[in-house]
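Chains as they are written, first to last, in our numbering: chain A, 25 to 488; chain B, 25 to 488; chain C, 25 to 488.
Presented below is the structure to which this report refers.
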Amino acid sequence: MALLNDDRLFPADEGTRAIARRLYEGIRALPIVSPHGHTQAGWFARNQPFPDPVTLFVQPDHYVFRMLYSQGVSLEELEIGRPQVSNPRKVWSIFASHYYLFRGTPTRLWLDFAFQELFGLTERLSAATADHYYDVIDDKLKTAEFLPRALYDRFGLEVLATTDSPLDSLADHAAVRASGWKGRIVPTFRPDSVVDPSFADFHKNVQALGELTGEDTATWHGYLQALAARRAFFKAQGGTATDHGHATARTADLSEAESEWLFGKVLAGGADAAQQELFRAQMLTEMARMSLEDGLVMQIHPGSVRNHNRQIFERYGRDMGADIPASTSYVEELRPLLNRFGNETGLTIILFTLDETTYSRELAPLAGHYPCLRLGPSWWFHDSPEGMRRFREQVTETAGFYNTVGFNDDTRAFLSIPARHDVARRMDAGFLARLVAEHRIDEDEAVELAHELTVGLVKKAYKL
Amino acid sequence: MALLNDDRLFPADEGTRAIARRLYEGIRALPIVSPHGHTQAGWFARNQPFPDPVTLFVQPDHYVFRMLYSQGVSLEELEIGRPQVSNPRKVWSIFASHYYLFRGTPTRLWLDFAFQELFGLTERLSAATADHYYDVIDDKLKTAEFLPRALYDRFGLEVLATTDSPLDSLADHAAVRASGWKGRIVPTFRPDSVVDPSFADFHKNVQALGELTGEDTATWHGYLQALAARRAFFKAQGGTATDHGHATARTADLSEAESEWLFGKVLAGGADAAQQELFRAQMLTEMARMSLEDGLVMQIHPGSVRNHNRQIFERYGRDMGADIPASTSYVEELRPLLNRFGNETGLTIILFTLDETTYSRELAPLAGHYPCLRLGPSWWFHDSPEGMRRFREQVTETAGFYNTVGFNDDTRAFLSIPARHDVARRMDAGFLARLVAEHRIDEDEAVELAHELTVGLVKKAYKL
Amino acid sequence: MALLNDDRLFPADEGTRAIARRLYEGIRALPIVSPHGHTQAGWFARNQPFPDPVTLFVQPDHYVFRMLYSQGVSLEELEIGRPQVSNPRKVWSIFASHYYLFRGTPTRLWLDFAFQELFGLTERLSAATADHYYDVIDDKLKTAEFLPRALYDRFGLEVLATTDSPLDSLADHAAVRASGWKGRIVPTFRPDSVVDPSFADFHKNVQALGELTGEDTATWHGYLQALAARRAFFKAQGGTATDHGHATARTADLSEAESEWLFGKVLAGGADAAQQELFRAQMLTEMARMSLEDGLVMQIHPGSVRNHNRQIFERYGRDMGADIPASTSYVEELRPLLNRFGNETGLTIILFTLDETTYSRELAPLAGHYPCLRLGPSWWFHDSPEGMRRFREQVTETAGFYNTVGFNDDTRAFLSIPARHDVARRMDAGFLARLVAEHRIDEDEAVELAHELTVGLVKKAYKL
């Protein structure tokens, strides 16, 4: 009995599957390069055991609790949002008895991988096996081999990027490096909280930015200086990239005077929604300009309508599974930025989307032309077998493979990292196998491409 | 010689096909639950023979005559819109000689199924076989086993929902029940004609609603009372659901005073297009509120541009194959309604779409979060093998299977019901078989899911 | 060793592949009908050798140089935009050493086909084989069998349509016919430069149109007369179609007086962007009216944002690989035109799109209803194996096969024509094979359909 089959996710056709197997064998054991995600440097700085199964698998994973919630399980029952889970075994039992809801979802694949590969569990999770699971996981979490640093090694991680506020001291990153441990945990500069006026505490954050850098962030000039200074600090701490989570992909190219005026308006809290949007747009272009100067790779993640569920937001705050993708467009939106910097070969901008219609219509044509553009992998809701397949099928013919950047796990769930990369490797092997089986590329090319998609392109794009 | 192959619609790969066959065998003979469609209760109340082949297969089926029309066959030749067909054999012969146009369409699958399974025809329909077909069908229609009630039994129907105006007396439904026949024909409350101000005779309809209920529908309060009363009446007649065919998915959450003012404006005929849209939007929220109270399941079918062809509309009226889907969005549109009722576990709202781009981008993320939301099956133009496949591939990974509600045949063509359900069962079996073949679920889970997708989920969602 | 496998592009499943092979064998040698493209009549009028490999394969092909550009190769290095290439061997070597970038793209398929089938090359192009390739191609280009007319015959072309300005004298077309050579090179009327006010030199072009026809194109009436006269001239020179490359699919149905006023405004250079758009919209309807009169088939190609890269446009001009598709819609946009002429069976309008989301949502429903509408094949970025597959999968179930018009190669690259048609034939064979394997059509029907998709439908739709 096993949760995982060695051929999982490969195409069913025997001939194609045989090719996929061979391609996968060549990449399955390659190190994991994780250039974008939401794990915490503090785990590796402190190297303490993860607590109970619920705190590890249910509480932080909005993929998990949003599905349970959609089927009538309340967040109260799951003890979501509590500083500490009072009855983890009971929450675990609710989760286990609803595990069938995840059939056909990537969450099921990720969890089964962790259950079997890390904890040696081979019977399916259900109400009947809930206690057994709980006991096995809880026990193992207390052992040395389940400490964060040990897992980092066991996962074959080569580098792991976190995502951090410009106001973060990066003390945990420094502590990791100071510890002498050989793991590489690098920060990513995510300035949303100081460039997006709709952000809670925007004004306070800009002030804090000034204090941190000694710049006068009440002025446009000082504000930009402060951002540049923090970028330099992140770079000095090992960072190679920035990340921008905006509602749209809109960019702007305002004059110095217009920017200055707009910043004043925004900072004074007098900007309306359109002006706030324009400010975010201008800031993307400013960030691109700084990237051209300091070499940090720029990631743009647009198109999520945040906190769609008002009641959940008011009760539980951000990132509670109630973010919903919306229609997104890039062609006119990116034009101001691209008109300034699009032809720069020294700049790398990695585009992501939650709107799959843009793959073949906009993103592949853009990335297949502009030297600065690359396409990030299928993201968030689309980080799944079918989502990955659609990405390759809709992007490759126009952008080629070499304008993409390999896989991102983008996860808060540390234990899901190897599972997620394994899914991506298998899906890429399967996609390449189909191209080989249909005689669109030769197998020696597929071998080379599989390696590129797994480690080559990601290292190059992210300068890792 | 046969029109139908036992393996039709299953994936070609032998291993996958074998799994699909096994899964299909487990569900092929399950009763048909038909929770949404456009057949007529009167057929079962009166139990009279269907007339000739043309009146059965050509006249009522806009899938059929829109294709012929697109290829230059006039509606006059087909005698569309006539109270009675004067030369059915001639119309049948035109249809037969154009039957090749349906190659690759679901209409072909549905018709071949009816031809072979119901009428024993096994040679392909064409000019050469037109007369033979006509004679065989015409003869059989006169026999007892082709009376509506006999067909209901033969099809294995367990329940059949019709779609009805709030002004309908539901006398036919009552007659069916009074007759002692064991068939279950239930009404569905479809209030478009009394909640959509752009509807022909809106004002007259609202007045009629008042007369029917004894409420003063000239006031907002009386209007709402009257709607609640008709809903209660439908429920008493066996109804379990409402249905709403709006141009968009827009909802609103106006204050009592705003609603009252808007209703006055709309009723006086003074509302402009934006105000009419706002009224429809508010009415969706009112209907959700009533559903929470009376337990009727709410279906929303947005996104069709009705009567696109002015000339056809002026000459032949509504529902003549000239409705065209348009780009639809849900995220901001549903927000007002969801902000009020989205977290209610006692409410069920089933969303449909004609815009497939919303499957993965909007609908699956919404249904995978909000407890009240479920996704209806692929609809209308997308109620087809490829359409069903895209639905499962784009919805399942985010919403799972359990936030969907099984199949709807949504048909006016009674004889196509078993064919349509058979297509859905085969496509689901094939989709599940692929998941099994790719080791994404186990076969015992697929067996359980196949059953759920065929009868379990639909009964639960529609409370049938 | 070979670049091409006989089974390329066929589905991997053995049973399906066997059917695809049989279907393909029935169409592989059929003549090529090329109803839409951008080759030059002058080639056949003068029948001179093509120059070196670079001028043939790299310089004119924006599919090629946009990919190289996207990966940091400058257009200067490639000598793009130069009247003559000074160092073709060096440019060829740059191209060859980047040939791996095209893995998984249709460009790779097209080029490999030309390399092997026309030049007998069987080792993959790379830095190592660059010189060998250059020598072989360069040598062969000087031989008689590589002259344009010889290639026309060798390709099995039956007719080849060019795309021409209304101001073109069509002297080359006349010269071809006068030469007594049996090849058929027909012009296509593409009036963008005289109907689109945003076009460079619009005013001058309208003036030239007047001079050419002896009409007073300063008046609305004279302008329309002049256009009709040039259409008649194109028709007399063998033309059967017009082509319209607009930013959107918008049409209008203004009164005579409104049109006249708008034309005056536009001609005087005083029209704003919205008025220019309205003028283009009205002109589509005028062109449809003329098509109904003179029988020219109308092609509409909307949805490309031209010259997206300002720097490239300023330095190199139009058509340099920097056109990017944008979201496009048809339902409301085409309504004015369709309300006037949509029900005419004597009119043929062929619709294209760069926005694949419209296939199932808008285009198939429209073409499956209106007698005048047909769907052009997948276009430009989507003229690729996956693009063709998506087109068939998303269009066929609603529009059927018979509302489509076969394949267009749409190319400037003469040598890619047989390769492109071969890809289309193989993909159609594969798609039909799947329908047969899944028992959705019978094989005798697929044989007939394969023939229709290859030559039947295109000849009928384009009246060739």
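For every residue, glycine included, the Cβ atom is placed at its ideal position computed from N, Cα and C.
Since this is a predicted model, take the numbers as computed values, not measurements.
Check	Outcome
Chain-order list of residues whose beta-carbon lies under 6 Å from that of F119(B) (same chain, five-residue window excluded)	V82
Three-pair Cβ contact test at 8 Å for the stretch 44-52 of chain B versus the stretch 455-474 of chain B	yes
Cutoff 8 Å; reference Y426(B); Cβ partners in own chain excluding five residues on either side	E476 and L481
Secondary structure of D267(A), DSSP reduced to three states	strand
Beta-carbon proximity list for I209(A), same chain, < 7 Å, skipping 5 on both sides	A65, F68, L184, T186, H197 and V200
Every unbroken alpha helix (DSSP H) within the stretch 69-132 of chain B, with a cutoff of 4 residues, ordered by chain	77-81, 86-94 and 112-121
For I465(C), the first and last residue of its enclosing beta strand (DSSP E)	It is not in any beta strand (DSSP E) - I465(C) carries neither H nor E in the DSSP assignment.
Same chain only: Cβ atoms within 8 Å of D216(A), ignoring 5 sequence neighbours per side	F223, H268, G269 and H270
Residue(s) in a DSSP beta bridge with T428(A)	L399(A)
Own chain, CB closer than 6 Å to H122(C), minus 5 neighbours either side, in chain order	L92
Counterpart residues of F213(A) in DSSP-defined beta bridges	D188(A) and T266(A)
Range covered by the beta strand (DSSP E) that runs through M322(B)	V321 to I324
Chain-order list of residues whose beta-carbon lies under 6 Å from that of G246(A) (same chain, five-residue window excluded)	E239 and D240
Beta carbon proximity, N229(A) to chain C, threshold 7 Å	no
According to DSSP, residues forming a beta bridge with V183(A)	V57(A)
8 Å CB neighbourhood of H62(C) in its chain, flanking five on each side removed	T186, T187, D434, T435 and R436
Short CB-CB distance (under 7 Å) between N29(A) and chain C	no
Residue-level contact to chain A via CB, N363(B), 7 Å cutoff	yes
Residues that L378(B) contacts on chain C, provided the C-beta gap is smaller than 7 Å	R385
Local Cβ density within 10 Å of N432(C), reported as buried at 16 or more and exposed below that	buried
Spatial distance of L181(A) from N111(C) (CA atoms)	47 Å
Distance between beta carbons of P130(A) and P409(A), contact taken as under 8 Å	7 Å
Spatial distance of F376(B) from R450(B) (CA atoms)	21 Å
W116(C) to P211(A) span [Cα, whole Å]	43 Å
Buried/exposed call for G96(C), threshold 16 Cβ in 10 Å	exposed
Cutoff 7 Å; reference L371(C); Cβ partners in own chain excluding five residues on either side	A312, S315, L316, F365 and C396
Short Cβ contact (7 Å threshold) for V218(B) with P190(B)	yes
Burial state of P107(C) (16 or more Cβ within 10 Å)	exposed
Partners in chain C for F143(A), counting only beta-carbon separations shorter than 8 Å	Per Cβ cutoff of 8 Å: no residues; F143(A) is ~37 Å from chain C at best.
Inter-stretch contact at 8 Å, needing at least 3 Cβ pairs: the stretch 315-330 of chain B / the stretch 347-356 of chain B	yes
Contact with chain A by L390(B), beta-carbon distance below 7 Å	yes
Residues of its chain near W134(A), where Cβ-Cβ distance is below 7 Å and the 5 sequence neighbours each way are ignored	S440, A443 and R444
V329(C), DSSP secondary structure in three states	strand
Proximity test, Cβ basis, 7 Å: Y340(B) and chain A	no
Closer than 7 Å to chain B by CB, F415(A)	no
Inter-residue CB distance, L378(B) and R385(C) (contact presumed, cutoff 8 Å)	7 Å
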